[in-house]
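Residue numbers (UniProt numbering): 1 to 247. Just so you know, even glycine gets a beta-carbon here, dropped at the ideal spot from N, CA and C.
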Amino acid sequence: MPVTLVTGASRGIGAAIALGLAERGHDLALNDISRQEEHLRQVADRAAAMGRRVEVVLGDVSDKAQVEAMAARILEVFGRIDAVVNNAGILIAGAVDGLREEHWDRVMDVNAKGSFLVIQSVLPAMKRQKYGRIVNIASIGGKHGAPEQAHYSASKAAVMGFSRVLAQEVGPLGITVNCVCPGIIYTDMGRVNLDDQQVRAAWQAKTAMARIGTPEDVVGPVAFFASDDSAFVTGQTLNVDGGIVFS
C-alpha cells in the first residue's frame, strides 16, 4: 500500500482527498494544526474504518522544526513516504492598499513556504526510494487572481513556479511533481466568495458546467497525480474548475 501524507486534512478539500485516497488503498499520514485536531481525528477514524493504516501528525507547515518532526514520525511509523499532497492553505481577504503586512506574511508562509518545507522534509526519503509523487494544491487564483486576494494569488503562483523547477530537479530520481488548481469550490474557505448569492450566481454563470464545485470534485485528479497512472507526467498544472480557466 502506498503511504501518503495529506496536509490540511481536517476538512474541505483536504478531508475529501484523504478519504478518497483511503478508498483507493492508500495508507495515510494526516496533518493539520492543533486546533483542528478533533476534526482531523474524525477524518482519520473514517479512513481507518476502510481498513487503512492512519497516523495523525499535528503541526504547522510553516514551521520548519514542526515539519521535520512530522516527517520523522511518518518514517518511524511507516518506514517510507510514497506521496505527499500539499493541501494546507489559508486565505485572509484584503485589498492591496489596506493589506496588513502580517496577513501577507502569514498567507505566504502557509501556502508557499509551507509547501516548500514539507517537500524538503520528505525528499530525502523519496530519493532513497527512487520514487515519489508530489501533488501541490495551487488554485486558478494563482493564474488569474481576484480582487482582495493579491497575496493569496501570489502564494499560489509561487507554488506553481516552484513545482515546475522542482519537477526538473527530481525527475531523474523517479519523483514527479504536479499541481492541481481548484476553481470555485464550496468549502469553509470558499465561502469567502460564495456566501453572497449574487456572487455565487455570477461564478456559476462564468463556469462552463454552470455549477459550483465540491471538495469531492478535486479527489480524482489528485489521486491520478499520486499514482503510477501519471508516471510520465510531471511539472504540470491541471485546472479543476468546471470550465473557468482554459489554459
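Inset, instruction - Within its chain, find whatever has a CB closer than 8 Å to the CB of Met209; leave out the 5 residues flanking it on each side and keep chain order. - result: Residue mapping note: residue 209 aligns to position 209 of the sequence shown, counting from 1. Answer for Met209: Gly242, Gly243, listed in chain order.
Inset, instruction - Helix, strand or coil for Gly228, going by three-state DSSP, please let me know. - result: For the purposes of this step, residue 228 is taken as the residue at position 228 of the sequence shown. Position check: residue 228 holds Asp in this sequence, whereas Gly was assumed. In the structure shown, Asp228 sits in a helix (DSSP, three-state: H, G or I).
Inset, instruction - Label Met1 either buried or exposed according to how many other C-beta atoms from any shown protein chain fall within 10 Å of its C-beta, with 16 as the threshold for buried. - result: For this step, residue 1 is matched to residue 1 along the sequence shown. Exposed: under 16 other Cβ atoms inside 10 Å.
Legend entry - Own chain partners of Glu68 with C-beta closer than 7 Å, once the 5 adjacent residues on each side are dropped: Numbered from its first residue, the sequence shown carries residue 68 at position 68. Here the set comprises Ser121.
Inset, instruction - Report yes or no: is there a C-beta of chain B within less than 9 Å of the C-beta of Leu28? - result: The chain inventory of the structure shown lacks chain B, comprising one protein chain alone.
Legend entry - Cα-Cα separation between Val107 and Lys156, rounded to whole angstroms: In the sequence shown, the residue the question calls residue 107 occupies position 107. In the sequence shown, the residue the question calls residue 156 occupies position 156. For Val107 and Lys156, the distance between alpha carbons rounds to 10 Å.
Inset, instruction - Going by CA-CA distance only, name the one from Glu101, Gln149, Val96, Val233 that's closest to Ile134. - result: Taking the first residue of the sequence shown as 1, we reach residue 134 at position 134. For the residues Glu101, Gln149, Val96, Val233, the minimum Cα distance to Ile134 belongs to Val233.
Inset, instruction - Please state if the CB of His144 and the CB of Val240 are separated by a distance shorter than 9 Å. - result: Counting from 1 along the sequence shown, the entry for residue 240 is found at position 240. Counting from 1 along the sequence shown, the entry for residue 144 is found at position 144. Cβ distance not < 9 Å, so Val240 and His144 don't count as in contact.
Inset, instruction - Please name the residue, chosen from Ser139, Ala83, Asp60, Val77, that lies closest to Ile13 on a Cα-to-Cα basis. - result: Position 13 of the sequence shown, counted from the first residue, corresponds to residue 13. The shortest Cα separation from Ile13 among Ser139, Ala83, Asp60, Val77 belongs to Ser139.
Inset, instruction - Using three-state DSSP, classify Val218 as helix, strand or coil. - result: Sequence index remark: in the sequence shown, residue 218 carries index 218 (1-based). Three-state result, Val218: helix.
Inset, instruction - Take Ser216 and list the residues in its own chain whose beta-carbon comes closer than 6 Å to its own, dropping the five residues that flank it on each side. - result: Counted from its first residue, the sequence shown places residue 216 at position 216. What sits at residue 216 in the sequence shown is Glu, not Ser. The residues are Ala16.
Inset, instruction - Compute the Euclidean distance between the alpha carbons of Cys181 and Leu238, then round it to the nearest angstrom. - result: Within the sequence shown, numbered from 1, the residue matching residue 181 stands at position 181. Within the sequence shown, numbered from 1, the residue matching residue 238 stands at position 238. Using only the alpha carbons, I get a separation of about 6 Å.
Legend entry - Rounded Cβ spacing between Leu40 and Ser62 (contact assumed at less than 8 Å): Residue mapping note: residue 40 aligns to position 40 of the sequence shown, counting from 1. Residue mapping note: residue 62 aligns to position 62 of the sequence shown, counting from 1. Going by Cβ atoms, the distance from Leu40 to Ser62 rounds to 17 Å, so no, they are not a contact pair.
Legend entry - Residue from Ala205, Arg35, Ala18 whose Cα sits closest to the Cα of Leu28: To locate residue 28, count along the sequence shown from 1; it is residue 28. For the residues Ala205, Arg35, Ala18, the minimum Cα distance to Leu28 belongs to Ala18.
Inset, instruction - Go to Arg73, then tell me how far its beta strand (DSSP E) extends in each direction, as first and last residue. - result: As a position in the sequence shown, residue 73 is number 73, starting the count at 1. No beta strand (DSSP E) holds Arg73; the alpha helix (DSSP H) holding it covers 64 to 78.
Inset, instruction - Would you kindly check if the distance between the Cβ of Tyr152 and the Cβ of Ile92 is under 9 Å? - result: Residue mapping note: residue 92 aligns to position 92 of the sequence shown, counting from 1. Residue mapping note: residue 152 aligns to position 152 of the sequence shown, counting from 1. Yes, Cβ-Cβ distance for Ile92 and Tyr152 is below 9 Å.
Legend entry - As assigned by DSSP and simplified to three states, the class of Val199: Working through the sequence shown from its first residue, we reach residue 199 at position 199. Helix at Val199.
Legend entry - Of the residues Gly213, Pro221, Asp109, the one placed nearest Ala88, counting alpha carbons only: Your numbering for residue 88 matches position 88 in the sequence shown. Of the candidates Gly213, Pro221, Asp109, the one whose C-alpha sits nearest the C-alpha of Ala88 is Asp109.
Inset, instruction - Note down the Cα distance separating Val118 from Leu166, rounded to an integer number of angstroms. - result: The residue labelled residue 118 in the question sits at position 118 within the sequence shown. The residue labelled residue 166 in the question sits at position 166 within the sequence shown. Each residue's Cα considered, the two are about 13 Å apart.
Inset, instruction - Out of Leu30, Arg200, Lys206, state which residue places its alpha-carbon closest to the alpha-carbon of Asn86. - result: The residue you call residue 86 lines up with position 86 of the sequence shown. Nearest C-alpha to Asn86: Leu30.
Inset, instruction - Please report the residue range of the beta strand (DSSP E) in which Arg52 lies. - result: If you number the sequence shown from 1, residue 52 lands on position 52. Unbroken run through Arg52: none, as it is neither H nor E.
Inset, instruction - Reducing DSSP to helix, strand and coil, say where Gly171 ends up. - result: Stepping through the sequence shown from its first residue, residue 171 is reached at position 171. Helix.
Inset, instruction - Pick helix, strand or coil for Ile137, following the three-state DSSP scheme. - result: Mapped onto the sequence shown, residue 137 falls at position 137. Residue state, collapsed to three classes: strand.
Inset, instruction - Verify whether the separation of the beta carbon atoms of Ala125 and Ala71 is less than 9 Å. - result: Residue 125 sits at position 125 when you count from the first residue of the sequence shown. Residue 71 sits at position 71 when you count from the first residue of the sequence shown. Yes, the Cβ-Cβ distance between Ala125 and Ala71 is below 9 Å.
Legend entry - Endpoints, the beta strand (DSSP E) within which Val84 is located: For the purposes of this step, residue 84 is identified with residue 84 of the sequence shown, where counting begins at 1. Run containing Val84: 83 to 86, per the beta strand (DSSP E) assignment.
Inset, instruction - Using only alpha-carbon positions, find the residue among Gly20, Ser230, Gly171 that is nearest to Leu123. - result: Here residue 123 refers to the residue found at position 123 of the sequence shown. For the residues Gly20, Ser230, Gly171, the minimum Cα distance to Leu123 belongs to Gly171.
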